[in-house]
Amino acid sequence: MIRVDGRTLRCADVVRAAGSEGPLWIDVSTAAVRAAEQAWKLAGELSTRRVIYGRTTGVGANKDDAVDDSAEHGSRILRSHAGGAGELMPAGQVRGMLLIRLNQLLAARSGVAPDLISALAQAVGTGSLPVVHSVGAIGTGDLTALAETALALTGERPWQRGGVPPVAIQAGDALGFLSSNAATLAEATLAAMEFDTLCRAANAVAALSYVALDGNPEAYAAPVHEARPHAGQVACAAQVRRLLGLHSAPKPGRRIQDPFGLRAFPQVQGPAVDAVHYLRDVLAIEINAGTENPLISTVHSDAYHHAHFHTAYVSTALDQARATLHQSAELSVARLGDLLEPDFTGLRAFLAAGPPGSSGLMILEYVAHDALAGLRAAALPSTLGSAVISRGMEDHASFSTQSARAATAAAAGYRQVLACELLAAVRALRLRQADLVDLPVRAAFELADEALDPGLDDRPLTADIARAAALLDALAAV
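Next comes the structure, spelled out in structure tokens:
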């Protein structure tokens with residue numbers, strides 16, 4: 070069961086919701102529903118005696134246009150903002166968006182009517198999916214996606230799956246429902262959790278490469294990392310020591326100095342670990358935040374106009390995570406090159422095993438560098454962009470939406486890179502008939518050895534790469 074109370078939703082809950090293709094078992098807090106109803110009543114009362122943006126005024130540059138706080142005004146806002154374009158948003162992202170938006174509304178700061186919140190809860194629980202387009206946001210509110218969702222709840226737009234009985238839009242519902250980046254947060258959360266999985270899998274893959282290459286253990290020694298104790302670096306070195314069973318003074322490696330792909334792994338992977346942890350911390354706040362503008366405070370019996378729609382924290386955290394993962398992926402590609410080099414393995418070039426001239430795993434470098442190039446493009450910072458729209462009233466944007474999309478692409482590229490390294494490491498260990506009996510990383514090797522084709526002949530490696538990529542989820546738990 071997923072608890073939905075406006076305070077305790079977890080990133081892992083969003084992933085569960087995104088992966089659920091049927092009804093979702095949610096526990097909606099009764100106390101949170103009552104609090105949301107109090108905020109709705111307060112918002113209606115406040116709009117009778119003071120200016121409330123979006124309720125008694127237009128929106129955007131129309132902020133100075135006085136309007137009636139009416140359901141018809143709200144309906145016009147929803148219809149005019151439901152202009153999403155492009156492909157349909159992926160179903161998993163839509164499910165995550167609906168759950169996040171429900172949770173945020175239950176933080177009880179939106180002033181949205183209980184009937185609309187209840188309809189949204191029913192949509193989440195039944196696994197219903199509105200028709201939502203992917204293009205239409207720049208990190209200052211997922212206006213088009215949420216307008217399309219709201220109109221589905223009111224019966225004006227179709228559902229691509231399921232559906233709920235339509236509810237009538239009430240005064241003040243429109244802007245309160247739209248004031249969120251829930252779709253962007255859903256994609257960012259799914260990418261962040263994928264980053265986390267891949268970072269943990271990278272430890273196991275790098276450890277297998279270390280064994281195949283007879284790495285020098287001094288680079289991972291505790292005294293080394295105690296001398297410069299960045300949290301991610303220390304944790305990464307400790308994980309590799311654990312996987313390699315380096316609990317006492319180990320035997321020297323083949324080389325006094327390993328290539329950077331082995332020797333600098335903790336120093337390069339560490340920043341990625343730290344960046345992903347920070348990103349998850351940011352998202353844990355955002356998915357439980359009251360972001361609606363204006364904010365309705367029942368504690369202070371007032372409304373506050375603000376800029377919580379701006380997601381600079383999300384975009385900068387995503388940009389940092391992608392940049393650090395790109396560096397980690399560069400090291401993975403470097404280790405792949407080492408694994409294909411006879412001077413490092415003592416094996417034939419490209420780990421070939423057929424007649425002279427056999428190509429072995431030669432093509433993996435091309436695949437890995439292609440994936441790395443895509444990751445490099447995805448790592449470019451989205452926060453360098455900006456926008457001035459709505460007649461100059463909205464003169465900055467975080468582009469967190471674009472940063473989240475880039476994170477999805479970066480995760481896919483990183484997975485392909487690690488898959489190529491994993492294939493090479495496993496083949497090298499098979500050819501060397503390495504003895505892993507006393508090493509914890511043996512569990513990772515056995516998982517891979519069972520899943521991957523043992524054939525050494527030259528053949529298309531497409532299926533092998535796909536199997537290795539799928540195997541990374543299991544390796545993350547080793």
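Using our numbering, read the sequence shown as starting at 70 and increasing by one per residue.
Cβ coordinates follow ideal geometry from the N, Cα and C atoms, glycine included.
As the structure is a prediction and not an experimental result, all values here were calculated from the model.
Option nearest residue i by Cα separation, candidates the options
i, options, result
"Ala-538", "Gly-339, Ile-365 and Thr-266", "Thr-266"
"Leu-409", "Ala-290, Arg-496, Val-303 and Ala-480", "Arg-496"
"Leu-449", "Ala-475, Glu-106 and Val-402", "Ala-475"
"Leu-147", "Ser-116, Asp-242 and Met-70", "Asp-242"
"Ile-534", "Ala-546, Gly-482, Gly-152 and Leu-508", "Gly-482"
"Leu-505", "Leu-405, Ala-386, Ala-276 and Arg-118", "Ala-276"
"Asp-10", "Leu-247, Met-431, Phe-514 and Ala-221", "Any property of residue 10 remains undetermined from this structure, which presents the chain solely from 70 to 547."
"Gly-152", "Leu-111, Arg-103, Gly-205 and Leu-189", "Gly-205"
"Leu-282", "Asn-172, Asp-350, Gly-461 and Arg-324", "Arg-324"
"Ala-154", "Gly-454, Ala-214, Glu-256 and Met-462", "Ala-214"
"Lys-320", "Ala-376, Cys-305 and Asn-285", "Asn-285"
"Asp-527", "Ala-422, Pro-235, Ala-188 and Gly-231", "Ala-422"
"Pro-328", "Phe-413, Pro-235 and Asp-96", "Phe-413"
"Ser-455", "Ala-437, Tyr-435 and Ala-381", "Ala-381"
"Val-342", "Gly-301, Pro-335 and Asp-518", "Gly-301"
Whole-angstrom C-beta distance between residue j and residue i, which should lie under 8 angstroms
i, j, result
"Ala-493", "Leu-541", "With 8 angstroms as the limit, Ala-493 and Leu-541 do not qualify as a contact, their Cβ atoms being about 14 angstroms apart."
"Gly-91", "Gly-196", "5 angstroms"
"Ala-261", "Leu-352", "6 angstroms"
"Ala-512", "Val-547", "5 angstroms"
"Ser-472", "Ser-451", "4 angstroms"
"Ser-384", "Leu-487", "Not really, about 26 angstroms apart at Cβ, beyond 8 angstroms."
"Val-303", "Tyr-289", "With 8 angstroms as the limit, Val-303 and Tyr-289 do not qualify as a contact, their Cβ atoms being about 11 angstroms apart."
"Leu-254", "Ile-356", "6 angstroms"
"Thr-470", "Ile-121", "Rounded, the Cβ-Cβ distance is 27 angstroms, inconsistent with contact."
"Ala-87", "Leu-259", "6 angstroms"
"Asp-439", "Gly-314", "Asp-439 to Gly-314, Cβ: 35 angstroms. No contact."
"Leu-171", "Val-200", "Not a contact, Cβ separation roughly 18 angstroms."
"Glu-106", "Pro-159", "With 8 angstroms as the limit, Glu-106 and Pro-159 do not qualify as a contact, their Cβ atoms being about 33 angstroms apart."
"Leu-375", "Ala-358", "Residue identity check: residue 375 is His in the sequence provided, not Leu. Going by Cβ atoms, the distance from His-375 to Ala-358 rounds to 12 angstroms, so no, they are not a contact pair."
"Ala-81", "Glu-263", "At roughly 12 angstroms, the Cβ-Cβ gap does not stay under 8 angstroms, so Ala-81 and Glu-263 are not in contact."
Buried versus exposed, by CB contacts within 10 Å (16 or more), residue i
i, result
"Pro-363", "buried"
"Asp-464", "exposed"
"His-150", "buried"
"Trp-94", "exposed"
"Glu-114", "exposed"
"His-294", "buried"
"Ala-446", "exposed"
"Pro-298", "exposed"
"Pro-340", "buried"
"Ile-354", "exposed"
"Ala-135", "exposed"
"His-316", "exposed"
"Gly-210", "buried"
"Glu-141", "exposed"
"Ser-397", "buried"
"Asp-388", "buried"
"Val-457", "exposed"
"Ala-173", "Checking the sequence shown, residue 173 turns out to be Gln, not Ala. Classification of Gln-173: buried, given that the 10 Å Cβ count is 16 or more."
"Thr-360", "buried"
"Gly-442", "Per the sequence shown, the amino acid found at residue 442 is Ala instead of Gly. Exposed, since its Cβ has fewer than 16 Cβ neighbours within 10 Å."
"Ala-291", "exposed"
"Asp-123", "Here residue 123 turns out to be Gly, not Asp, going by the sequence shown. Under this definition Gly-123 is a buried residue."
"His-369", "exposed"
"Leu-453", "exposed"
Contact check, residue i vs residue j, beta carbons under 8 angstroms
i, j, result
"Ala-130", "Ser-467", "no"
"Gly-75", "Ala-176", "yes"
"Trp-228", "Val-181", "no"
"Val-163", "Leu-185", "no"
"Leu-516", "Leu-544", "yes"
"Leu-404", "Gly-322", "Here residue 404 is Arg; the residue named in the question, Leu, does not match the sequence. Against a cut-off of 8 angstroms, the Cβ pair of Gly-322 and Arg-404 comes out as no contact."
"Leu-416", "Leu-500", "yes"
"Val-510", "Leu-312", "yes"
"Ala-274", "Ala-503", "The residue you asked about is not Ala; residue 274 is Val in the sequence shown. No."
"Pro-411", "Ala-418", "yes"
"Cys-489", "Leu-433", "yes"
"Ala-192", "Val-233", "yes"
"Thr-477", "Glu-256", "yes"
"Lys-132", "Thr-125", "no"
"Ala-190", "Val-97", "yes"
"Ala-251", "Leu-222", "no"
"Ala-372", "Ala-104", "no"
"Ala-271", "Gln-338", "yes"
Residue i CB to nearest heavy atom of the ligand MG below 7 angstroms
i, result
"Ala-270", "The ligand MG is absent from the structure shown, which contains no ligands of any kind."
- request: Could you tell me which uninterrupted alpha helix (DSSP H) segments, each at least 4 residues in length, are contained entirely in the region 364-422, listed from first to last along the chain?
  value: Within the region 364-422, the complete alpha helix (DSSP H) runs of at least 4 residues fall at 381-408 and 411-414.
field: beta strand (DSSP E) runs wholly inside the region 140-168, at least 3 long, in chain order
entry: 154-157
- prompt: Which ranges does the beta strand (DSSP E) cover as unbroken runs of at least 3 residues, wholly within the region 456-542, from first to last along the chain?
  reply: none
- request: Kindly provide the ranges of any alpha helix (DSSP H) runs that are 4 or more residues long and lie completely inside the region 267-348, ordered along the chain.
  value: If we require 4 residues or more, the alpha helix (DSSP H) runs fully inside the region 267-348 come out as 291-295, 300-313 and 329-332.
field: Length-filtered (4 minimum) alpha helix (DSSP H) runs lying within the region 87-122
entry: 99-115
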